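One structure is given below, encoded as structure tokens.
Numbering (the working numbering), first residue to last: 1 to 94.
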């Protein structure tokens with residue numbers, strides 16, 4: 001997942017590659033919010049969890065949580081490709 005994110009979204013997203021667990025936490029850059037991105041992702045049949053519900057205090061609207069435990073490696077690559085296309089569409093419409 002980390003490799004696919006770096007390849008497809010480059011400098012538009014920041015994260016630390018997980019060393020375990022079930023999720024990759026990320027932050028979108030360029031003023032894109034997870035609320036904006038999720039709408040475009042749903043249109044492309046891919047989903048993630050916006051990170052805003054997991055913050056204590058001031059929520060960061062650009063955060064998201066990506067699960068890497070259920071999908072196959074090919075499914076992860078396809079999902080990241082769809083998410084990257086959604087991200088590009090959101091950026092283009094801003």
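Beta carbons are placed, not taken as given, at the ideal position from N, Cα and C, and that holds for glycine. Bear in mind the structure is a predicted one, so any value in this text is a computation, not a measurement.
Asked                                                                                  : Found
Three-state secondary structure (DSSP) of residue 48                                   : coil
Length-filtered (3 minimum) beta strand (DSSP E) runs lying within the region 12-42    : 13-15, 23-28
Rounded separation between residue 2 and residue 28 - CA only                          : 14 Å
Three-state secondary structure (DSSP) of residue 93                                   : helix
Beta-carbon gap between residue 63 and residue 79 smaller than 8 Å                     : no
Distance between residue 84 and residue 38 (C-alpha atoms, nearest Å)                  : 11 Å
Alpha carbon of residue 4 to alpha carbon of residue 81, nearest angstrom              : 8 Å
Inter-residue spacing [alpha-carbon to alpha-carbon] between residue 20 and residue 56 : 23 Å
Span separating the alpha-carbon of residue 92 from that of residue 65                 : 23 Å
Unbroken beta strand (DSSP E) run spanning residue 69, endpoints                       : No beta strand (DSSP E) holds residue 69; DSSP gives it neither H nor E.
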